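Peer 1:
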Amino acid sequence: MTELIQHEPTQDVIAQSVAAKVTNITKKQINATLTLLNEGSTVPFIARYRKEMTGELDEVQIRDIQSIAKRSKELVERKNTVLKAIFEQRKLTDALQKSIQDVQTLQELEDIYLPYKQKRRTRAMVARENGLQPLADWLMTHINSNIDDDFRNYVNEALPTMVDVRAGVHEILAEQIGENANYRQWLRLRMAVDGLLVSSLKRGMAGKDEQKVYEQYYDFTETIKSLLNNKFRILAVNRGEKEGILSVKIDFSEARMMHFIQTKELNGQNPTGQGYEILQRAIEDAYKRFIRPAVEREIRQELTTQAQEQAIKVFGDNLYHLLMQAPLKNKIVMGFDPGFRTGSKLAIIDSNGKFLAKQVIYPHKPANVQKRSEAINTFKQLVSDYKVELVAIGNGTASRESEEFVAENLPAGVKYTIVNEAGASVYSASEQAREEFPDLHVEERSAISIGRRIQDPLAELIKIDPKSVGVGQYQHDLNAKTLDEQVDNVVETAVNQVGVNLNTASPALLAHIAGLNKNLAQNIVNYRNDFGEFTSRTQIKKVPRLGPKAYEQAAGFLRIEDGKNILDNTDIHPESYTAAKKLLSLANINPVNLATDEANTVLNRLDNEHTAEQLDVGIQTLHDMIMSLQKPGRDGRSEMVGALLKSDVMHIEDLKAGMKLQGTVRNVVDFGAFVDLGVKHDGLVHISRISTRRIKHPSEIVSVGDIVEVWIVDVDEKRNRIGLTMLAPQ
Numbered sequence: 001m002t003e004l005i006q007h008e009p010t011q012d013v014i015a016q017s018v019a020a021k022v023t024n025i026t027k028k029q030i031n032a033t034l035t036l037l038n039e040g041s042t043v044p045f046i047a048r049y050r051k052e053m054t055g056e057l058d059e060v061q062i063r064d065i066q067s068i069a070k071r072s073k074e075l076v077e078r079k080n081t082v083l084k085a086i087f088e089q090r091k092l093t094d095a096l097q098k099s100i101q102d103v104q105t106l107q108e109l110e111d112i113y114l115p116y117k118q119k120r121r122t123r124a125m126v127a128r129e130n131g132l133q134p135l136a137d138w139l140m141t142h143i144n145s146n147i148d149d150d151f152r153n154y155v156n157e158a159l160p161t162m163v164d165v166r167a168g169v170h171e172i173l174a175e176q177i178g179e180n181a182n183y184r185q186w187l188r189l190r191m192a193v194d195g196l197l198v199s200s201l202k203r204g205m206a207g208k209d210e211q212k213v214y215e216q217y218y219d220f221t222e223t224i225k226s227l228l229n230n231k232f233r234i235l236a237v238n239r240g241e242k243e244g245i246l247s248v249k250i251d252f253s254e255a256r257m258m259h260f261i262q263t264k265e266l267n268g269q270n271p272t273g274q275g276y277e278i279l280q281r282a283i284e285d286a287y288k289r290f291i292r293p294a295v296e297r298e299i300r301q302e303l304t305t306q307a308q309e310q311a312i313k314v315f316g317d318n319l320y321h322l323l324m325q326a327p328l329k330n331k332i333v334m335g336f337d338p339g340f341r342t343g344s345k346l347a348i349i350d351s352n353g354k355f356l357a358k359q360v361i362y363p364h365k366p367a368n369v370q371k372r373s374e375a376i377n378t379f380k381q382l383v384s385d386y387k388v389e390l391v392a393i394g395n396g397t398a399s400r401e402s403e404e405f406v407a408e409n410l411p412a413g414v415k416y417t418i419v420n421e422a423g424a425s426v427y428s429a430s431e432q433a434r435e436e437f438p439d440l441h442v443e444e445r446s447a448i449s450i451g452r453r454i455q456d457p458l459a460e461l462i463k464i465d466p467k468s469v470g471v472g473q474y475q476h477d478l479n480a481k482t483l484d485e486q487v488d489n490v491v492e493t494a495v496n497q498v499g500v501n502l503n504t505a506s507p508a509l510l511a512h513i514a515g516l517n518k519n520l521a522q523n524i525v526n527y528r529n530d531f532g533e534f535t536s537r538t539q540i541k542k543v544p545r546l547g548p549k550a551y552e553q554a555a556g557f558l559r560i561e562d563g564k565n566i567l568d569n570t571d572i573h574p575e576s577y578t579a580a581k582k583l584l585s586l587a588n589i590n591p592v593n594l595a596t597d598e599a600n601t602v603l604n605r606l607d608n609e610h611t612a613e614q615l616d617v618g619i620q621t622l623h624d625m626i627m628s629l630q631k632p633g634r635d636g637r638s639e640m641v642g643a644l645l646k647s648d649v650m651h652i653e654d655l656k657a658g659m660k661l662q663g664t665v666r667n668v669v670d671f672g673a674f675v676d677l678g679v680k681h682d683g684l685v686h687i688s689r690i691s692t693r694r695i696k697h698p699s700e701i702v703s704v705g706d707i708v709e710v711w712i713v714d715v716d717e718k719r720n721r722i723g724l725t726m727l728a729p730q
């Protein structure tokens, strides 16, 4: 009997597996990264403060290693489970064990395991119990023989007729062929290359698709190969099928598959005689009953998985750029939450985001003339009394009417902007909003959220479920667990790239700092409330339950403005303070003169290699240190595009073909970008009209929040559709 050999998922085994799946990353880098991850280090910390160890891997590469390592470990563990199960059945051979150890995917492993898997009692099992396995085996090597005599020998009480014997042999052969891993793998590969995805309108379902959302898929055929370049179509077809409007299948040449199986099973024998007839029927049954349905399900699932991965990536990219929009600092803002019958809610926010005042006005019908007149006076008075510099209008119900009202009544010099209010109602009804503003109504909290979004998008958007912010495509059809993981990763990346002010950050913001969680974030805020503002980073060591590892991971991403040590307002980690102070001493720079042209010039002229040796730090650490010293308190978002500020109103009927406009990118999807022009509906720039060069995805050129120049291609007022191009007319 074959000896059972199992491999433990050691770091070296996992690193080897990861190395085979990534490019331009060495096994040494992978091992260093896995060691840091296994020690409890976070991705932002590793990417920022362990560059020498990892060879300067970025967050995307580190997360790839983390993800592949997890899948590799799961595969090794599953192999061990499968090997043990087959070994206990006393069916493990050296060849089978090698085949299992060599597989690279979970699907291949499950294909091999299928014949040995415990399953419900089948007709083939009954046939084996009745002693027909030897007859089935004999038949496969005697296809051309006269089989009647041999089959008659198996007639007994359990199998009273030749028909019963034939039926039993048929079941055994059909199951054996149907569970053959090689056949499934061959069909899977051929379907992926030559298969067609076909969708059609279900009979009687045309009326159900009133908006003709799925019209292009009523009679739709596309190769699976080309679908992988248009993955959004997979999700569209899936949704139409789920809603009962579309019928979907994969087309493939059955004759080709049958011929392939037949050639393999005949193994050089002539396709004649009674034995061949039994085999032929078994092959057809195996294909239709076992192989085809299983492989079609797997192909559909794989297509869906790939499409979901793409959609999740698009969502992550959009969310990142949304969170990283430039804050509009030091502005007094009025948040304007539009409404008709229930009125429009106004909230005044000071330049630090503090809520000052609220009001409800009724500027639109059905309000009577008196109320509409009072609305004008109240609005103007608030703008004057609080010296409002910007009005942020939510883009929901009554947004366009409110925009007209604001534009007509703003004093000269005061601008307004349209803010995507997606998710504001989710936040305003949340427990966090109730804790922050317990005495306010839900709608009043929404106005505050809208105002704050323009002042500091990251700090405000972090308070709501990112899936509610209105970017991405088909996110409600995606795998919830995978989407949540992507959201967590994106939010973690954005928050740590920016860093947070330890003395003003909300618990929601602090919770996403490397090494922290919701409980530790709340403990920090409680400590701040009890003992006053932090004056140094090291003080957070006194926060309950915040241990050495959490401090190590978090400290570099926490900022203290006007603290005892100017280094606390940089992204230099406390572990490097000694080196940073020595650097300032070598450069003869007084810390109070940091960020001056003179100090920056001195730092730029340093011999980095020699200085790194003197400080006993790596070149990359020194480079980052110099950049931090040149810009204490730097906010990377300041380099991003800010909001588009306006002073006049535009309507869809004002748009004409050829007109040149500026707009804000609201969403980027596989087939193009949606641009807010300041009219009620966003326009679409199709991917073919984004760039003169060929691009695979719109995100190569545009991102959420970008301000872009576009030209009107066409306007369909009836369907509220606006076609745009970013290519200047020739």
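With the first letter of the sequence shown counted as 1, position 246 gets the number 246 in UniProt numbering; the numbers rise by one all the way through.
Using N, Cα and C, we set each Cβ at its ideal position, and we do this for glycine too.
Please read all numbers here as calculations on a predicted model, not as lab measurements.
List the endpoints of the continuous alpha helix (DSSP H) containing T223.
Peer 2: Segment 219 to 223 is the beta strand (DSSP E) holding T223; no alpha helix (DSSP H) there.
Peer 1: Enumerate in chain order the residues of its own chain whose CB-to-CB distance from Q118 is below 6 Å, with the five nearest sequence positions on each side excluded.
Peer 2: Contacts found: none.
Peer 1: Please name the residue or residues paired with H686 in a DSSP beta bridge.
Peer 2: According to DSSP, H686 bridges with G672.
Peer 1: Evaluate G131 with the Cβ neighbour count: other Cβ atoms within 10 Å of its Cβ, from every protein chain shown; 16 or more gives buried, anything less gives exposed.
Peer 2: exposed
Peer 1: Below 8 Å on the Cβ atoms is my contact criterion, and I expect A136 with I172 to pass it. Report the Cβ-Cβ distance as a whole number of Å.
Peer 2: 4 Å
Peer 1: List the residues that DSSP assigns as beta-bridge partners of Q359.
Peer 2: L346
Peer 1: Nearest to I147 by alpha carbon, out of M162, N156, I62, V237?
Peer 2: M162
Peer 1: Would a C-beta distance cut-off of 8 Å place N684 and G672 closer than the cut-off?
Peer 2: Note that residue 684 is Leu in the sequence shown, not Asn. Contact flag set, yes.
Peer 1: Quick test of your reading: L699 and D317, contact by CB under 8 Å. State the CB separation rounded to the nearest angstrom.
Peer 2: Per the sequence presented here, residue 699 reads as Ser, with Leu not at that position. Right, the Cβ-Cβ distance comes to about 5 Å (below 8 Å), so this counts as a contact.
Peer 1: Could you say which of G663, L727, Y214, T221 lies nearest to T692 if we only look at CA atoms?
Peer 2: L727
Peer 1: On the DSSP bridge list, what partners appear for S199?
Peer 2: F220, V248
Peer 1: With which residues is K646 paired in a DSSP beta bridge?
Peer 2: Y416
Peer 1: Between the alpha carbons of N590 and R634, how many angstroms are there, rounded?
Peer 2: If I take the Cα positions, the gap works out to 19 Å.
Peer 1: Return the Cβ separation of R537 and A555 in integer angstroms, given the expectation that the two are a contact with Cβ distance under 8 Å.
Peer 2: 5 Å
Peer 1: Do the region 148 to 156 and the region 220 to 230 touch if we need at least three Cβ pairs shorter than 8 Å?
Peer 2: As far as the Cβ criterion goes, the region 148 to 156 does not touch the region 220 to 230, which means the pair count is below three.
Peer 1: Using the three-state DSSP reduction, which class does Q176 fall into: helix, strand or coil?
Peer 2: helix
Peer 1: Quick one: Cα of N517 to Cα of I332, how far?
Peer 2: 32 Å
Peer 1: Between V668 and V715, is the Cβ-Cβ spacing less than 8 Å?
Peer 2: no
Peer 1: Check whether the Cβ atoms of residue 742 and A311 lie closer than 8 Å to each other.
Peer 2: Lying outside 1 to 730, the shown extent of the chain, residue 742 is not represented and no answer is given.
Peer 1: Within 10 angstroms of the Cβ of R90, are there 16 or more other Cβ atoms? Answer buried if so, exposed if not.
Peer 2: Counting every other CB atom within 10 Å of its CB across the protein chains shown gives R90 a total below 16, marking it as exposed.
Peer 1: Quick one: Cα of A326 to Cα of R453, how far?
Peer 2: 11 Å
Peer 1: Let's see if you can read the secondary structure: which residues bound the alpha helix (DSSP H) around T33?
Peer 2: 27 to 38
Peer 1: Look at M257 and Y218 and say whether their C-beta atoms are less than 8 Å apart.
Peer 2: No, the pair does not count as a contact, with Cβ atoms beyond the cut-off.
Peer 1: Report the start-end ranges of each alpha helix (DSSP H) in the region 232 to 279 that is 4 residues or longer and not cut off at the edges.
Peer 2: 254 to 266
Peer 1: Taking the alpha helix (DSSP H) that F379 falls in, what are its first and last residues?
Peer 2: 369 to 385
Peer 1: If you measure between the beta carbons of M191 and F252, is that distance less than 8 Å?
Peer 2: Inclusion of M191 and F252 in the CB contact set at 8 Å is warranted, their separation being smaller than that value.
Peer 1: For the alpha helix (DSSP H) holding A392, just list the boundary residues, first then last.
Peer 2: Run containing A392: none in the alpha helix (DSSP H); it sits in the beta strand (DSSP E), 390 to 394.
Peer 1: Please work out which residues of its chain come closer than 8 Å, Cβ to Cβ, to T26, disregarding the five sequence neighbours upstream and downstream, and give them in chain order.
Peer 2: A19, G55
Peer 1: Using beta-carbon positions only, say whether A580 and K631 come within less than 8 Å of one another.
Peer 2: It is not a contact, given that the beta carbons lie outside the stated cut-off.
Peer 1: Within the continuous beta strand (DSSP E) that includes V713, where are the two ends?
Peer 2: In the DSSP annotation of this structure, the continuous segment of the beta strand (DSSP E) that includes V713 starts and ends at 707 to 716.
Peer 1: If we call anything under 8 Å between Cβ atoms a contact, is I299 one with I224?
Peer 2: yes
Peer 1: Is residue 737 helix, strand or coil by DSSP?
Peer 2: Absent from the structure is residue 737, since the part of the chain shown begins at 1 and ends at 730.
Peer 1: Does A511 pass the burial test, meaning 16 or more other C-beta atoms within 10 Å, or should it be called exposed?
Peer 2: By the 10 Å Cβ count, A511 comes out buried.
Peer 1: Buried or exposed, going by whether 16 or more other CB atoms sit within 10 Å of the CB of I448?
Peer 2: buried
Peer 1: Grab the span of the beta strand (DSSP E) containing V18 for me, first residue to last.
Peer 2: First-last for V18: 11 to 19, but that is the alpha helix (DSSP H), not the beta strand (DSSP E).
Peer 1: Can you give me the Cβ contacts of A158 inside the same chain, cut-off strictly under 6 Å, excluding the 5 residues immediately before and after it?
Peer 2: N130
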